[in-house]
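In this note's numbering, the protein residues as written are 61 to 273.
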């Protein structure tokens, strides 16, 4: 029987290697990547059946990378494996197209269960946050997540790179756009989010999980 093809995305190499050993018996590990842009490229090239993705990754966070991938390849299943227990992250992950959400300190068997459920077309949420996530949906308490999602994909890319300390010139080169366009996105986001300074914009990006501290 052919094993499902699995792609791992995590910027912590030692942790990623541990995942490979854990999952190798049940899945065909087709690759390991360390940042979100590499993930988008690898997904296009390798066409895995399922991906195990961390949220906090450089260049492009996992949620934004998955959002881009699912637009082109909705058939690829995604399980987020993250240290973030905040339900806002989980809500954003599922809105991006995730099939599962598991915390890094969960039991190893839970990750395997989440992957298998995703491959069957089902959804898996770690029991550690499932109740809180359901309550947050019922109470409609996702205003900040919805505010982030209202930004364009390009704006979220610019926001993460700004929060990582990159200059407008560096961002322009990475995204293949002009520095003027970078500045336009920056000030448009500040206006839309009612944020007055670049430092405050960076703090907002970190708080919303768009970039790491």
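For each residue, glycine too, the CB sits at the ideal point set by N, CA and C.
Please read all numbers here as calculations on a predicted model, not as lab measurements.
Out of the options, point me to the one whose CA is closest to residue i's CA.
i, options, result
"residue 115", "108, 125, 106 and 107", "125"
"residue 252", "226, 181, 210 and 225", "210"
"residue 212", "118, 62, 122 and 128", "128"
"residue 257", "219, 235, 175 and 236", "219"
"residue 265", "120, 110, 80 and 103", "120"
"residue 157", "187, 247, 101 and 110", "110"
"residue 113", "104, 139 and 134", "139"
"residue 118", "133, 130, 217 and 173", "217"
Might you give, ordered along the chain, the residues of its own chain that have their beta carbon closer than 7 Å to the beta carbon of residue i, omitting 5 neighbours on each side?
i, result
"residue 76", "68, 70 and 92"
"residue 164", "141, 142 and 143"
"residue 90", "65, 66, 67, 106 and 108"
"residue 228", "239, 242 and 243"
Does residue i come out as helix, strand or coil in the three-state DSSP assignment?
i, result
"residue 226", "coil"
"residue 140", "strand"
"residue 249", "helix"
"residue 187", "helix"
"residue 169", "helix"
"residue 271", "coil"
"residue 62", "coil"
"residue 193", "helix"
"residue 212", "coil"
"residue 231", "helix"
"residue 175", "helix"
Below 8 Å CB to CB, which residues in the same chain sit around residue i once its five sequence neighbours on both sides are set aside?
i, result
"residue 232", "238, 239, 241 and 242"
"residue 87", "63, 64, 65, 66, 110 and 175"
"residue 186", "161, 162, 163, 166, 170 and 174"
Just reading off the alpha helix (DSSP H) that residue i is part of, what are its end residues?
i, result
"residue 263", "258 to 267"
"residue 183", "Segment: none, residue 183 is in no alpha helix (DSSP H) and carries neither H nor E."
"residue 77", "73 to 83"
"residue 96", "96 to 106"
"residue 151", "147 to 155"
"residue 129", "122 to 132"
What residue does the beta strand (DSSP E) around residue i start on, and which one ends it?
i, result
"residue 160", "160 to 163"
Could you tell me which residues DSSP pairs with residue i in its beta bridges?
i, result
"residue 91", "67"
"residue 111", "67 and 138"
Excluding the 5 residues preceding and the 5 following residue i in the sequence, name in chain order all residues of the same chain whose CB lies nearer than 6 Å to its CB.
i, result
"residue 221", "231"
"residue 285", "Since the first residue of the chain shown is 61 and the last is 273, residue 285 is not available in this structure."
"residue 192", "147"
So does residue i have its beta carbon nearer than 6 Å to some heavy atom of the ligand COA?
i, result
"residue 247", "The ligand COA is not part of this structure, which contains no ligands at all."
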